């Protein structure tokens, strides 16, 4: 289940598709992922997993373990990342430096604003 979609309301990774909607098994929130993606891309804003707008220089916290290709260990959930840079034109829309890993790009759906 590596392609899990996080719930925009509670950030849970335990979601499942139901017809053309996604449903969170934790808070029972239902949403259309196509509309959510379209509204984010139309507005030009980059949002974290809870729907908060991110800005350059913000600090964020990783919400789940993220495997790093070529590294022996993942970036652990709860890791705080300071001074991020946003790249709205990319799929991995956050550039940052993480202690012990160096420079990397993250997806905004796997972080929350600190």
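In full-length UniProt numbering, the protein residues as written are 1 to 114.
Don't be surprised by glycine CBs; every beta carbon is placed ideally from N, CA and C.
Just so it is clear, the structure is predicted and the values come from calculations on it, not from any experiment.
7 Å CB neighbourhood of residue i in its chain, flanking five on each side removed
{"i": "residue 125", "result": "Residue 125 lies beyond the residue range present for the chain, which begins at 1 and ends at 114; the question has no answer from this structure."}
{"i": "residue 33", "result": "5, 22"}
{"i": "residue 106", "result": "92, 94, 96"}
{"i": "residue 66", "result": "74, 75, 110"}
{"i": "residue 86", "result": "46, 54, 56, 93, 94"}
Residue i vs residue j beta-carbon contact at 8 Å
{"i": "residue 11", "j": "residue 50", "result": "yes"}
{"i": "residue 9", "j": "residue 60", "result": "no"}
6 Å Cβ shell around residue i - same chain, five flanking residues per side excluded
{"i": "residue 2", "result": "Because residue 2 sits at a pLDDT of 44, beneath the cut-off of 50, its placement in the model cannot be relied upon, and the following sentence gives the value as read from the coordinates. Excluding positions up to five away in sequence, the list is empty."}
{"i": "residue 79", "result": "62"}
{"i": "residue 20", "result": "none"}
Cutoff 8 Å; reference residue i; Cβ partners in own chain excluding five residues on either side
{"i": "residue 108", "result": "46, 47, 48, 49, 54, 93, 94"}
{"i": "residue 18", "result": "30"}
{"i": "residue 90", "result": "105"}
{"i": "residue 77", "result": "62, 63, 64, 65"}
{"i": "residue 88", "result": "44, 46"}
{"i": "residue 25", "result": "12, 14, 15, 16"}
Counterpart residues of residue i in DSSP-defined beta bridges
{"i": "residue 60", "result": "81, 113"}
{"i": "residue 16", "result": "23"}
{"i": "residue 30", "result": "23"}
{"i": "residue 47", "result": "53"}
Any non-hydrogen atom of the ligand ATP within 7 Å of residue i CB
{"i": "residue 51", "result": "Absence of the ligand ATP from the depicted structure is noted, as is the absence of any ligand whatsoever, leaving it without description."}
Would you say the region 82–97 touches the region 17–37, given that touching needs at least three Cβ pairs under 8 Å? no
- Contained alpha helix (DSSP H) runs [length at least 4] in the region 69–114, N- to C-terminal order: none
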